[in-house]
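Q: Sharing a structure here in C-alpha cells format.
Residue numbers (the UniProt record's numbering): 1 to 577.
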C-alpha cells in the first residue's frame, strides 16, 4: 500500500501542513484541562473573579485557535485525499485500457469496477485519516499520560495500567476482523457482477419470464454481502462498549484515589478534574487509533487489490502513436500455422490456420457457432496474442507492432453494436476526429443510413442515449458500420455486424463498400452465405480448424462443412416459400 503513496507526491505541502495544524490543535487541547484546573483552584475556589475571567478568555482563545487549526487541516486533507484518489483512478483506467482481452477476462469486469471505485475510495479515506488523525491521536494519548504524571506520579500509573488492557482487547478484535475485510470486498465483487449481468441481460430475463429467478439470485448475492458485513460488524462493534467500560472504570479509580488525595492535601479539586479530562482524552484517542487500525486494515486489503492491477504487465504492449505509417505491402494479412488458446489450461480455440489476404481483398468467414470465427479476427486486431505460428501484417510479424500503431490501420465492428451517449456526430468522429460534416454524411450514405437519418430533425446533432437505446438494432448496426467507414482503415473487420439487416440493405452496404473503398481489405464474418459468397475467398471454420478456403463455387465442390451450411440455408428458404 505504501508504494501507492507516490501518487500523492503532488500534495507534499498538504501532507506536511495538514498534520502540522492538527498537531497545534492537539497541543492546545492538552493545555485546556491544565488551565481548567487553574481556573477551578485559583479562580473559583479563591473567589477571584478577574482570574476566572482571564483563564476563561485564555481557554476561549485556545478553543477558537484550535478550531481554526482543525478547519485548515480538514481543508488540506480534503485536497490531498481527493487528488490522491483522482490520480489513482486515472492510473487505474490507463492501466485497464492497456490490458489485452486476456487480462480483462482474467480479472473480470465487475472486480475492475470495484477496484476502481470502492477500493480506491478506501485508500482515499485512509490518506485523509492519515493527515487528520495519525499524528493527533498518538500525540493526545502520550501527551495525556505525560500531563497526568506531571500532576501526580501515582495517578499517572493508572493511565499506564489502562493502556496494555486496552491494547490487548484491540489486538483480539483486530485479529478477528482483518481476514474478514477481504471477504467483504470479494462479496462486493460478486454482487457487482450479479448486478451487471442482470442489467445487461434484462431483456432476455424478461423474455424468459425469469424475473423471480433474477431477484432470487440478486437476493442471494446481497445476503452473502450482508452476512460478510455482519461478521465484521459483530466483532468490531465490541470495541466501542468495551472502551467505554474501561474509560468509566478508569474514571471511577481516578475519582476514588483522587478523592483520597484531595482529603490528604496531595491533590486539588481542579487537578482531579484535569486528570479525568486527560483520561477521557487518552481513551478517546485510543478509540480513534482503533478506528484507524480498522480503516488502514481495509485500506491495506484494498491497496493490495489495486497494486495487483498496477503490477500486472499486459501481455501485449500498447503505444499511442499518432502518425500512422503507410502500408504498402501487397500481402496485408498472412496466417502461417497459427494456433491459439485463451488460457494455459484450456484447449486450442484455433488450430493450424493458414491463409493470405492481399490489399483490397474481401474475405468471408463462416462456420458453425463456436468454431472460432470471432477469435480469429480478434487475433488480427491484437486483442489476444497468438499461441503458436506466425501472423504477418503488412510484411511484419504482428508481435513487432504496438497496439496503438496496429489499430490505427484497423476498424472493428463487433457482433453487438456499441454506441456511446452523445450525438450521432460524436460517435462518428471516433473514427476520424478531424472529419467534416460532409465526410460524416458520406459515411452514413455508404452504410445505407439515409433512410432514417434524413428523417431526423437534428441530423448529426441527434442525441444518442447510452448504448444507443433510442435506435433500433438495425439502425445501431449501420451507425456502427458508418463509424468504421469514417476511419478509412486498411483492414475492416465486420464481425457478424450485418445480422440485424435485411438482405437488400446487407447487399447495398457491401456494394457501396466495394465501390467507395476498393483498396480496403475487408473481413466479413457471417452465418448468412449470401453475405459472404461474393467475397474473393471464404474461410470455413469447424471446431477451430480450417475446413475450407477459397471462392464460393470451389467450396461447393471441396468443403463438406460449407456444403452443409449452404444446404441448410437453402432448405430454410424453401420452407419459407
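Positions of the beta carbon are idealized from the N, C-alpha and C atoms, including for glycine.
#1: Buried or exposed: where does residue 114 fall if 16 or more other Cβ atoms within 10 Å of its Cβ makes it buried?
#2: Compute every distance between the C-beta of residue 373 and the non-hydrogen atoms of the ligand MG, then say whether any falls below 7 Å.
#3: Can you find a CB in chain B that lies within less than 8 Å of the CB of residue 75?
#4: If you follow the alpha helix (DSSP H) that residue 79 is part of, which residue opens it and which one closes it?
#5: Using a Cβ-Cβ cut-off of 7 Å (strictly less than) and excluding sequence neighbours within five positions of residue 543, which residues of its own chain qualify?
#6: Please look up how many angstroms separate the CB atoms of residue 274 and residue 151, rounded, as I've assumed it's under 8 Å.
#7: What are the boundary residues of the beta strand (DSSP E) that residue 552 is part of?
#8: Taking the continuous beta strand (DSSP E) assigned at residue 494, which residues delimit it?
#9: In chain order, what residues of the same chain have a beta carbon less than 8 Å from the beta carbon of residue 558, not counting five sequence neighbours either side?
#10: Look at the Cβ atom of residue 139, then the Cβ atom of residue 26, and state whether they are nearer than 8 Å.
#11: Please report the distance separating the alpha-carbon of residue 15 from that of residue 28.
#12: By alpha-carbon positions, which one of 423, 436, 156 ends up nearest to residue 457?
#13: Between which two residues does the beta strand (DSSP E) harbouring residue 350 extend?
#14: Within a Cβ cutoff of 6 Å, which residues of the same chain sit near residue 562, ignoring the five residues on either side of it in sequence?
#15: Grab the span of the beta strand (DSSP E) containing residue 432 for me, first residue to last.
#16: Is residue 418 helix, strand or coil when you go by DSSP?
#17: Specify whether the stretch 289-300 and the stretch 114-127 touch according to this definition: at least 3 beta carbon pairs, one from each stretch, less than 8 Å apart.
#18: Tell me whether residue 117 sits in a helix, a strand or coil according to DSSP, three-state version.
#19: Taking the Cβ atom as the reference point for each residue, do residue 270 and residue 37 lie within a distance shorter than 8 Å?
#20: Given residue 522, which residues of its chain have a CB within under 6 Å of its CB, disregarding the five upstream and five downstream residues?
#21: Mind checking which residues open and close the beta strand (DSSP E) that includes residue 389?
#22: If I measure Cβ to Cβ from residue 198 and keep anything under 8 Å in the same chain, skipping five residues before and after, which residues do I get?
#23: Would you mind reading off the limits of the alpha helix (DSSP H) that contains residue 291?
#24: Are the beta-carbon atoms of residue 5 and residue 306 separated by less than 8 Å?
#25: What residue range does the alpha helix (DSSP H) around residue 544 cover?
#26: Where are the alpha helix (DSSP H) runs, 4 residues long or more, that stay fully inside the stretch 235-272, in chain order?
#27: Alpha carbon to alpha carbon, how far is residue 179 from residue 468? Give it in angstroms, no decimals.
#28: For residue 225 versus residue 187, is the C-beta distance shorter than 8 Å?
#29: Mapping the DSSP letters down to three states, classify residue 135 as helix, strand or coil.
#30: Relative to the alpha-carbon of residue 289, which residue among 130, 102, 66, 375 has its alpha-carbon at the smallest distance?
#31: In the DSSP assignment, find the beta strand (DSSP E) that holds residue 336 and state where it starts and stops.
#32: Report all residues from its chain with a CB closer than 8 Å to the CB of residue 570; omit the five preceding and five following residues, and keep chain order.
#33: Express the C-alpha separation of residue 22 and residue 68 in angstroms, rounding to a whole number.
#34: Which residues share a DSSP beta bridge with residue 412?
#35: Let me check understanding here. Comparing Cα to Cα, which of 408, 375, 471, 100 lies closest to residue 414?
#36: Just how far apart, CA to CA, sit residue 506 and residue 514?
A: Working from what's here:
#1: buried
#2: Inclusion of the ligand MG in the displayed structure is not the case, the ligand content being empty and no account of it being possible.
#3: The structure shown contains no chain B; it holds only a single protein chain.
#4: 49-98
#5: 371
#6: 6 Å
#7: From DSSP, residue 552 is part of no beta strand (DSSP E) but of the alpha helix (DSSP H) over 552-558.
#8: 491-495
#9: 548, 550
#10: yes
#11: 21 Å
#12: 423
#13: 350-358
#14: 540, 548, 555
#15: Element bounds for residue 432: n/a, residue is neither H nor E.
#16: coil
#17: yes
#18: helix
#19: yes
#20: 362, 492
#21: 388-393
#22: 205, 214, 217, 218
#23: 269-310
#24: no
#25: Taken as a continuous stretch (DSSP letters only), residue 544 belongs to no alpha helix (DSSP H), as it is neither H nor E.
#26: 239-264
#27: 43 Å
#28: yes
#29: coil
#30: 130
#31: 331-340
#32: none
#33: 10 Å
#34: 493
#35: 375
#36: 13 Å
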